[in-house]
Every structure is written in C-alpha cells, then in structure tokens.
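Asks: Have a look at this one.
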Amino acid sequence: MGSVVALHAHPDDEALWSGGTLALLAAAGHRVVIVVATDGHMGNGSDPEARVRLDELRASAAELGVARVEYLGYADSGHGPLFYPDPDDRQRFARADLDEAAGKLAGLLRAEKASVLISYDARGGYGHRDHVRVHEVGARAADLAGGIRTVEATLPRETVERLVRIGRLGALFRPARPAQRPRPFRLRRQAAAAEEPAPPMFTPRREIAYRVDVRRYARQKRASLAAHASQLAGPRAPARLRRYVTRLPVPLFALLGGREYFNDPSATPAASFLDVFTDAD
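Under the working numbering, read the sequence shown as residues 10 to 290, first letter to last.
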C-alpha cells in the first residue's frame, strides 16, 4: 500500500479536519504521514510555545496511528484583518514563496513514495490565510511530485452556515454584567448581523465528493484532539468548547464528529473514498 501524506496548517488541524480518516487509513494498513506547515505559534521558532505545539502534534499523531510527522518550518500567519510582519527567525506561511514551500512538500512526497495527498478545499475552509495556502501549496506540490492524487478536506457549507447563525443569535442572549450590557442600538445591530449570510465557506453539500464514516475511530479522534492540551486551556470560548467536546462520552462524540468530508479535484472521482487509495496504489 502506498503512503498517504496529509498536509495541515497548524497543530490540531489534523484532529479537527481529518483525525478519524487518518486513523481509518492507518488501521487499513497505509503508512500515514502528517506534514504541518506551521507550529501554530506567531512568534519566534525558539519560543517555548512553539515547541509545546509540535510536541502536542506528535502525541496527537501517535493516537491516530500516524507513522511520521514533519514540520515545514513556517510561522503561523494569524487570522483576521491584520497581517503581522514576520518574526525574527522565520517567515509566515502565507508569505512563503509558493514554489519554495511546494518544493519542500514535493520532496517529502517523493521520499515517501506517496500515492495520495490530503489537503484543504480551495477556500481554506473558513478562509484562514494559512489554510488557503495549504490548498495552494498542496496543489503545486502534487504537480511537482508527478501528479499525485489529491483529496481536499472540507465541510458542508450549509451546516457551517447554520452553526454560525446559531452562534450569532446565542450571543444576543449571553448574560453580561450591568456595565457591559449593550445599548438598544447595539442590540439591533447584533440582531441584524445574526441574520446576515456568512461569507462563502467550505463546500456546498451537493459538490462534496466523499462522506467518510469515521464513527469507529471516535475514541482515537477524541484522544487526538485532547492531546493538544494548550488549546484546551484558558477562559476563551474556543478553549471552553474544546474542553467540553473532549469530555463527551465516545458514543456522543461519534455522533457529533463521526463524519468527515472531502472534495476530489480530479476529473474522474473514485466510486468511494477508499477506492481513491486503491486506485492510486
């Protein structure tokens, strides 16, 4: 069986985007390799936080049965309107020269004799600049390495849009201290925002090529996510949500995270997701 290489933007993306699928492929006998573009840290590579994130990635990979983890050496580019300058000792991934970054990945693909590359959809999911760059670098590297078959991790756009609307509406009813209570015009503005359509994200459901049932690997996926302890700490909403999710009983976790989704940019999609890997060998 050929190797499968999964390119991800940051440590923990492997668990969120494709953790169950990587566990499934490893259990099926494939050699699975994770390549992470950044260490998830926006500062210098010598900072302790950067090393912690990579150590967590290795622990996560072990939970999934991944054989090898490689880091391309870039800094996190951040998400939002501000695009910060590069740190002192390295470049942000979104600023990396396309052919340079793709050349690094192509070398790994050739060394691994990879038959399939897992990347991200063209929008980078929700538009994080590092996720968009993963798509661009992955597509270029696959060409440089001789036309390796690629599948792109994604989610159904309609599901994500519903969750975004629910989250916006929920913010209207979140208790606040008296000094923080918004004035009426702010409430009206927030209510209007809750009804605004989300910017195009991920992939329309009808365009998704493969829906992968990973419920059998829910325990591994949950453990993989929990391995990123630094992302579970603190009072912010994303950390609180991750703590909650990783404490769910396995059957409930499987219900929530038991499907993973992939696009197929090739002209001839396979009959099923696993056929992608059989056909490519």
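Virtual Cβ for every residue (Gly too), placed ideally from N, Cα, C.
Are residue 102 and residue 47 close, meaning C-beta to C-beta below 8 Å?
Replies: One-based indexing of the sequence shown puts residue 102 at position 93. One-based indexing of the sequence shown puts residue 47 at position 38. Yes, the Cβ-Cβ distance between residue 102 and residue 47 is below 8 Å.
Asks: Using only the alpha-carbon positions, how far apart do residue 245 and residue 111 sit?
Replies: Numbered from 1 along the sequence shown, position 236 holds the residue referred to as residue 245. Numbered from 1 along the sequence shown, position 102 holds the residue referred to as residue 111. Looking at the two C-alpha atoms, the distance is approximately 34 Å.
Asks: Helix, strand or coil for residue 13? Go by DSSP, reduced to three states.
Replies: By 1-based counting over the sequence shown, the position of residue 13 is 4. If DSSP states are grouped into helix, strand and coil, residue 13 belongs with the strands.
Asks: Under three-state DSSP, which class holds residue 49?
Replies: The residue you call residue 49 lines up with position 40 of the sequence shown. If DSSP states are grouped into helix, strand and coil, residue 49 belongs with coil.
Asks: Which residue spans inside the stretch 216 to 272 form an unbroken beta strand (DSSP E) run of at least 3?
Replies: Listed in chain order, they are 219 to 222 and 268 to 272.
Asks: If you run the structure through DSSP and keep just helix, strand and coil, what is residue 157?
Replies: As a position in the sequence shown, residue 157 is number 148, starting the count at 1. Here residue 157 sits in coil by DSSP.
Asks: With a threshold of 6 Å on Cβ separation, who are the neighbours of residue 138 within its own chain once the five nearest residues in sequence on each side are excluded?
Replies: Working through the sequence shown from its first residue, we reach residue 138 at position 129. Excluding sequence neighbours, residue 138 sits near 86 and 103.
Asks: Can the beta-carbon of residue 42 be found closer than 8 Å to that of residue 35?
Replies: Numbered from its first residue, the sequence shown carries residue 42 at position 33. Numbered from its first residue, the sequence shown carries residue 35 at position 26. No, the Cβ-Cβ distance between residue 42 and residue 35 is not below 8 Å.
Asks: Looking at residue 154 and residue 11, is the spacing between their C-beta atoms short of 8 Å?
Replies: Reading the sequence shown from its first residue, position 2 is the one you call residue 11. Reading the sequence shown from its first residue, position 145 is the one you call residue 154. Not a contact, by the Cβ cut-off of 8 Å.
Asks: Any idea what DSSP makes of residue 69, helix, strand or coil?
Replies: For the purposes of this step, residue 69 is taken as the residue at position 60 of the sequence shown. In the structure shown, residue 69 sits in a helix (DSSP, three-state: H, G or I).
Asks: Rank 65, 263 and 92 by C-alpha distance to the C-alpha of residue 80 and give the top, closest one.
Replies: If you number the sequence shown from 1, residue 80 lands on position 71. Per the Cα distances, 65.
Asks: Within the chosen definition, does the stretch 223 to 233 reach the stretch 167 to 178 through at least 3 CB pairs nearer than 8 Å?
Replies: Not touching, per the Cβ criterion.
Asks: Measuring alpha carbon to alpha carbon, tell me which of 158, 157 and 134 ends up nearest residue 169.
Replies: As a first step, residue 169 is located in the sequence shown; it is residue number 160 there, counting from the start. Of the candidates 158, 157 and 134, the one whose C-alpha sits nearest the C-alpha of residue 169 is 134.
Asks: Among 228, 229 and 275, which has the Cα closest to the Cα of residue 216?
Replies: For the purposes of this step, residue 216 is identified with residue 207 of the sequence shown, where counting begins at 1. Nearest of 228, 229 and 275 to residue 216, Cα basis: 275.
Asks: In whole angstroms, give me the CA-to-CA distance for residue 51 and residue 225.
Replies: Locating residue 51 in the sequence shown gives position 42, where the first residue counts as 1. Locating residue 225 in the sequence shown gives position 216, where the first residue counts as 1. Looking at the two C-alpha atoms, the distance is approximately 35 Å.
Asks: Quick one: what does DSSP say residue 212 is sitting in, helix, strand or coil?
Replies: Counting from 1 along the sequence shown, the entry for residue 212 is found at position 203. Strand at residue 212.
Asks: Among all the DSSP beta bridges, which residues are the ones paired with residue 79?
Replies: As a first step, residue 79 must be located in the sequence shown, where it is residue number 70. Answer is 44.
Asks: Give the DSSP bridge partners of residue 101, in chain order.
Replies: What you label residue 101 is simply residue 92 of the sequence shown in a count that begins at 1. Paired residue(s): 84.
Asks: Residues in the same chain with beta-carbon distance under 6 Å from residue 263, minus the five sequence neighbours each way, listed in chain order, please.
Replies: Counting from 1 along the sequence shown, the entry for residue 263 is found at position 254. If we look at residue 263 and ignore the five residues flanking it on each side, its Cβ neighbours are 224 and 227.
Asks: Looking at residue 218 and residue 165, is the spacing between their C-beta atoms short of 8 Å?
Replies: Start at 1 with the first residue of the sequence shown, and residue 165 comes out as number 156. Start at 1 with the first residue of the sequence shown, and residue 218 comes out as number 209. Going by C-beta atoms, residue 165 is not nearer than 8 Å to residue 218.
Asks: Under the assumption that residue 143 contacts residue 16 (Cβ atoms under 8 Å), give the Cβ distance between them as a whole number of angstroms.
Replies: The sequence position of residue 143 within the sequence shown is 134, counting from 1. The sequence position of residue 16 within the sequence shown is 7, counting from 1. Right, the Cβ-Cβ distance comes to about 6 Å (below 8 Å), so this counts as a contact.
Asks: With a CB to CB cut of under 7 Å and the five nearest residues on each side skipped, what residues in its chain are close to residue 31?
Replies: Reading the sequence shown from its first residue, position 22 is the one you call residue 31. Excluding sequence neighbours, residue 31 sits near 15, 23, 41, 73 and 75.
Asks: Is the beta carbon of residue 45 sitting closer than 8 Å to the one on residue 19?
Replies: In the sequence shown, the residue the question calls residue 45 occupies position 36. In the sequence shown, the residue the question calls residue 19 occupies position 10. Yes, the pair counts as a contact, with Cβ atoms nearer than the cut-off.
Asks: Look at residue 160 and residue 284 and say whether their C-beta atoms are less than 8 Å apart.
Replies: As a working note, residue 160 is residue 151 in the sequence shown. As a working note, residue 284 is residue 275 in the sequence shown. In this structure, residue 284 does not lie closer than 8 Å to residue 160 by Cβ.
Asks: How long is the line joining the alpha carbons of residue 129 and residue 269, rounded to whole angstroms?
Replies: Against the sequence shown, residue 129 aligns to sequence position 120. Against the sequence shown, residue 269 aligns to sequence position 260. Cα-Cα distance, rounded: 12 Å.
Asks: Alpha carbon to alpha carbon, what distance is there between residue 53 and residue 98?
Replies: Here residue 98 refers to the residue found at position 89 of the sequence shown. Here residue 53 refers to the residue found at position 44 of the sequence shown. Approximately 6 Å, taken between the alpha carbons.
Asks: I'd like to know whether the C-beta atoms of residue 127 and residue 13 end up nearer to each other than 8 Å.
Replies: Counted from its first residue, the sequence shown places residue 127 at position 118. Counted from its first residue, the sequence shown places residue 13 at position 4. Against a cut-off of 8 Å, the Cβ pair of residue 13 and residue 127 comes out as a contact.
Asks: Of the residues 140, 257, 26 and 118, which one's Cα is nearest the Cα of residue 89?
Replies: Here the question's residue 89 lines up with position 80 in the sequence shown. Comparing Cα-Cα distances from residue 89 to each of 140, 257, 26 and 118, the minimum goes to 140.
Asks: Nearest to residue 132 by CA position, among 212, 93 and 237, is which residue?
Replies: For the purposes of this step, residue 132 is taken as the residue at position 123 of the sequence shown. Of the listed residues, the one whose Cα sits closest to residue 132 is 212.
Asks: Alpha carbons only, please: which of 119, 167 and 171 is nearest the one belonging to residue 150?
Replies: Translated into the one-based positions of the sequence shown, residue 150 becomes position 141. The option with the nearest alpha carbon to residue 150 is 119.
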